[in-house]
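Student: Right, I'll just put the structure down here and ask away after.
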Amino acid sequence: MAKAKIPNNTLQRLRNRYRLVVMNDDTYEEVVTFKLSRMSVYIAMSIMFVLLISLTIALIIFTPLKFYIPGYGSQQSRTELQVLKIRTDSLEQAIQFKEEYLNGVKKALNGNSEPMQRDTTPLNIPKAESSRD
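Okay, structure coming up:
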């Protein structure tokens, strides 16, 4: 009996041909026969992987599903959000100023206000030169 040659390099093993037979279990009839190699299986799986990823990306990009991604939205909604943030900040600041004012008024009406510290720093204001003709 002759020994079968065992391929040593990887490329030769990828090119070896195999036969895949699908049989009917009851009648042992061959339903489908495929002649495959490892390389053809790797290529087919790679193509299926790329197609699956491409379809998923296309589904997200070209449908309204993209709006469910956090941080994604239209330019109009982003500008509206910025305007609302600015308005909210200014309203918070106005409320804070009013609260400070009301606290000052309450202290003045109750008569328990602390004496104010006065600014005693001398100001050096230059005198305006008079222009005589």
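Numbering (the working numbering), first residue to last: 1 to 133. Even glycine gets a Cβ: it sits at the ideal position worked out from N, Cα and C.
1. For the stretch 38-52 and the stretch 7-21, state whether three or more C-beta atom pairs, one from each stretch, are separated by less than 8 Å.
2. Roughly how many angstroms separate the alpha carbons of Met1 and Ile57, rounded to a whole number?
3. Between the alpha carbons of Arg78 and Thr88, how many angstroms are there, rounded?
4. Rounded to whole angstroms, what's the CA-CA distance from Lys85 to Gly73? Just pull it up for me.
5. Tell me, please, whether the CB atom of Tyr72 is closer than 9 Å to any CB atom in chain E?
6. Taking the alpha-carbon positions, what's the Gly71 to Leu59 distance?
7. According to DSSP, which residues form a beta bridge with Lys35?
8. Quick check on the DSSP output: what are the complete alpha helix (DSSP H) runs of length 4 or more inside the stretch 50-89, in order along the chain?
9. Tell me, which residues are paired with Glu30 by DSSP?
Tutor: The structure says:
1. Two segments are said to touch when three or more pairs of C-beta atoms, one from each, lie closer than 8 Å; by this definition the stretch 38-52 touches the stretch 7-21.
2. Reliability fails at Met1, whose pLDDT of 49 lies under 50, so the model's placement of it is uncertain and no value is given.
3. Those two C-alpha atoms are separated by around 15 Å.
4. Between the alpha carbons of Lys85 and Gly73 lies a distance of about 16 Å.
5. In the structure shown, chain E does not exist; there is a single protein chain.
6. Distance between the alpha carbons of Gly71 and Leu59: 18 Å.
7. Beta-bridge annotation (DSSP): Lys35 is paired with Arg19.
8. For the stretch 50-89, not a single whole alpha helix (DSSP H) run of length 4 or above is found.
9. DSSP lists Met23 as partners of Glu30.
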